[in-house]
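Below is one structure, written out as structure tokens; comments come after it.
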Amino acid sequence: MKKNSYSLYVFSFAALLLTSSLVSSCDSSKEGEEEVVTAKQGFQIPQLLEREKDLSYDEFLKIKEKFNKLSFEAENEQTKIESLIKLSEIYIYEARVTGEHPYYYNAALVTLNETLKDTTKMTPDQHFTALFYKSTVQLSQHKFNDALLTGKKALALNNTNSGIYGVLVDANVEIGNYEEAVKNCDQMISIRPDLRSYSRISYLREIYGDMKGSIKSMEQAIEAGAPYSEYKCWTIVTMGKMLENHNQLDSAMAYYQFAAKERANYPFGIAGMASIEGKWGNYKKADSLYAVALNAVPEISFIMDQAKLYQKQGKKTEMKRLVPRIESMFQEDIESGHNVNMEFAFFLLDFKKDYKRALDLGLKEYQLRPNNIDVNRLLAFAYYANGDKENAAKHARIAMKTNKQDAELYCISGLINNDKKQIKKAFSIDPYQDHLFVERARKMIS
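In mature numbering (1 follows the signal peptide of the UniProt record, and there is no 0), the protein residues as written are -25 to -1, 1 to 421.
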């Protein structure tokens, strides 16, 4: 079975893809009208897949024991709903840890929808929890409008749970409702100041250009995290990535190493270390670290970063060998119902030079969330690649509306507007930025 996953800068703790052993159907293909995924041939509890031995296997043995107990209890009508909800939580967690997104997130959706078939049999708390978990899966499927709809249904059942406000923060951020996201985040942290709320404050501060405040909040998130937990390690890596994107490579490396030590062989920490080694010019070391990370979790972003590493070294044969694999993984996830319009569009720009198709995908995503700054950044790149500076400038302005200190955004805006000052600022933020037009920008200010 192929394992695809995506690293979103979204602080939801779930994602969705499709399974090979769990057949599903969708009652709606239109985002904004809640999608219902159900088993075609009657519900059966999806199996728990084996983990790689070097992927926190001791933890997995405990989860496996819990899974078997819950599966047995789910056969009893009196304990069925509660057991299925807890099983869905296991699926969501295993998807994060193993990268088996096509299997586990679809398993979670089918299981949750089984509990939601007749809500009269559920307690109010069970109804809330099932909707809450479903909304996190929809977030990870990048169906943000659906997640917002489901999240609001859950909120109507319980407005004192901090987690559901996290769903609303994430959904509103991705849709581009930033002011609403700030309000949701204020409510969230007033209920429970913890890793989840601090990390979201950090992200919102970064969006609004407050890097000092963003770093401080992420430090608080890390301090609030449970030792050795995957969630804490993900937060540590996120801090590393933030520092890396602002040319603080030594500090970023320290955080990546911290994550890899906190949770042995944590693949995202190892991949972060690989990225830094590549920027330091230690290409052989970087390549070996990517191999270690990919052996644990075949994460598509690791493969794309590895391809860029080969591209930087002029190893065209090695780079071209990875491109079909990446494209195949994207296609698999598209077929599974995972919305990867933005990620696939950037892949087409950087590796396939298919500018028209990238623009088409960007416009498709724009129809879903026209106010999102990252979608508009994509369109600035895509229109510029297609020679349309007027539309490129329009979307660059929208992307810059929050004052986010994004090196690539300043760079493309500088190219579009022939503004050397913006390009110089871009390279002062991140001299290692790597995108389609980076060399053109360097020549412009040389």
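Positions of the beta carbon are idealized from the N, C-alpha and C atoms, including for glycine.
Extent of the continuous alpha helix (DSSP H) run through SER276: For SER276, the uninterrupted alpha helix (DSSP H) segment begins and ends at 275 to 288.
Pick from ILE190, SER165, ARG167 and PRO168 that is closest to SER177, judged by C-alpha positions: Nearest of ILE190, SER165, ARG167 and PRO168 to SER177, Cα basis: ILE190.
Thinking C-beta only, is LEU179 closer than 7 Å to CYS160? Yes. Within cutoff.
Which of the three DSSP states is assigned to GLU75 in this structure? Residue state, collapsed to three classes: coil.
For a quick check, are the C-beta atoms of ASN220 and ASP405 less than 7 Å apart? Cβ distance < 7 Å, so ASN220 and ASP405 count as in contact.
With DSSP as the reference, label GLU205 as helix, strand or coil. Helix.
From LEU87 to ILE38, what does the alpha carbon distance come to, in whole angstroms? Looking at the backbone, the Cα of LEU87 and that of ILE38 are separated by about 19 Å.
Through-space distance from GLY200 to MET193, alpha-carbon basis: Rounded to whole angstroms, MET193 to GLY200 spans 11 Å at the Cα level.
Could you check what DSSP says for LYS187 in three-state terms: helix, strand or coil? If DSSP states are grouped into helix, strand and coil, LYS187 belongs with the helices.
Identify whether ASN134 lies in helix, strand or coil by the three-state DSSP scheme. Coil, per DSSP.
Using three-state DSSP, classify TYR173 as helix, strand or coil. Shown here, TYR173 sits in a helix according to DSSP, grouped into three states.
Take ALA333 and list the residues in its own chain whose beta-carbon comes closer than 6 Å to its own, dropping the five residues that flank it on each side. Only residues of its own chain outside the window of five on either side were considered, and among them ALA320, LEU323, LEU324 and ALA357 have a CB closer than 6 Å to the CB of ALA333, listed in chain order.
Indicate the three-state DSSP secondary structure (helix, strand or coil) for LEU338 in the structure shown. In the three-state DSSP reduction, LEU338 falls in the helix class (H, G or I).
Buried or exposed: LEU36, going by 16 or more other Cβ atoms within 10 Å of its Cβ? Here LEU36 is exposed. Its C-beta has fewer than 16 other C-beta atoms within 10 Å.
By the three-class DSSP mapping on this structure, what secondary structure does GLN167 have? One point to set straight first is that residue 167 is Arg, not Gln, in the sequence displayed. Coil, per DSSP.
For the stretch 67 to 120, list the alpha helix (DSSP H) runs that are entirely contained and at least 4 residues long, ordered along the chain. With a minimum length of 4 residues, the continuous alpha helix (DSSP H) runs that stay inside the stretch 67 to 120 are 76 to 90 and 99 to 115.
Between the Cα of MET217 and the Cα atoms of GLU198, LYS158 and GLY247, which residue gives the shortest distance? Ranking the options by Cα distance to MET217, first place goes to GLY247.
GLN22 by DSSP, collapsed to three states: which one? GLN22 falls in the coil class under three-state DSSP.
Can we say the stretch 167 to 174 touches the stretch 207 to 215, given the rule of at least three CB pairs closer than 8 Å? When C-beta atoms of the stretch 167 to 174 are compared with those of the stretch 207 to 215, three or more pairs fall below 8 Å, so the two segments count as touching.
Could you give the uninterrupted runs of the alpha helix (DSSP H) lying entirely in the stretch 214 to 269, keeping only those of 4 residues or more? Those alpha helix (DSSP H) runs which fall completely within the stretch 214 to 269 and span 4+ residues are 224 to 237 and 242 to 254.
Limits of the alpha helix (DSSP H) - the one that MET375 falls within: Note, MET375: premise wrong, no alpha helix (DSSP H); not H, not E.
For the candidate residues GLY289, TYR341, VAL298 and ASP329, whose alpha-carbon lies nearest to that of ASN314? For ASN314, the closest of GLY289, TYR341, VAL298 and ASP329 by C-alpha to C-alpha distance is TYR341.
Distance, Cα to Cα, SER4 vs ASN81? The predicted model places SER4 with a pLDDT of 39, which falls under 50 and marks its position as unreliable; any figure quoted below should be read in that light. If you take the alpha carbons of SER4 and ASN81, they lie about 16 Å apart.
To which residues of the same chain is GLU89 closer than 7 Å at the C-beta, ignoring the five residues directly before and after it? Listed in chain order, the non-local C-beta contacts of GLU89 below 7 Å within the same chain comprise PHE18 and LEU59, local neighbours out to five positions each way being set aside.
Rounded C-alpha distance that separates TYR241 from TYR265: Near 12 Å, if we compare the C-alpha coordinates of TYR265 and TYR241.
Got a sec, what are the start and stop residues for the alpha helix (DSSP H) TYR359 sits in? Residues 348 to 360.
Mind checking THR111: buried by the 16 CB within 10 Å criterion, or exposed? The residue in question, THR111, is buried, as its Cβ has 16 or more Cβ neighbours within 10 Å.
If you follow the alpha helix (DSSP H) that GLY389 is part of, which residue opens it and which one closes it? Where GLY389 is concerned, the enclosing alpha helix (DSSP H) stretches over 382 to 392.
Are the CB atoms of LEU132 and HIS102 nearer to each other than 7 Å? Against a cut-off of 7 Å, the Cβ pair of HIS102 and LEU132 comes out as a contact.
Sequence-distant residues of its chain with Cβ nearer than 6 Å to GLY188 (five each side left out): Excluding positions up to five away in sequence, the list reads ARG180.
Which parts of the stretch 299 to 339 are runs of the alpha helix (DSSP H), unbroken and 4 residues or longer, counting only runs that do not cross its ends? Taking only runs of at least 4 residues, the alpha helix (DSSP H) segments lying wholly in the stretch 299 to 339 are 316 to 322.
Once the 5 residues before and after ILE301 are set aside, which same chain residues still bring their CB inside 8 Å of it? Listed in chain order, the non-local C-beta contacts of ILE301 below 8 Å within the same chain comprise ILE275, ILE278, MET279, ALA282, PHE322 and PHE326, local neighbours out to five positions each way being set aside.
With VAL152 as the anchor, note down where its alpha helix (DSSP H) starts and where it stops. Per the sequence shown, residue 152 should be read as Asn rather than Val. Neither: ASN152 is in no alpha helix (DSSP H) and is coded neither H nor E.
Grab me the residues of ASP409's own chain with a C-beta within less than 8 Å of its C-beta, minus the 5 sequence neighbours each way, in chain order. Apart from the 5 residues on each side of it in sequence, ASP409 sits with its Cβ closer than 8 Å to the Cβ of LYS283 and LYS287 in its chain, given in chain order.
ASP363 - DSSP class collapsed to helix/strand/coil: Look at ASP363 here: in three-state DSSP terms it is coil, with no helix or strand label.
Quick check on GLY126: does DSSP put it in helix, strand or coil? Residue state, collapsed to three classes: helix.
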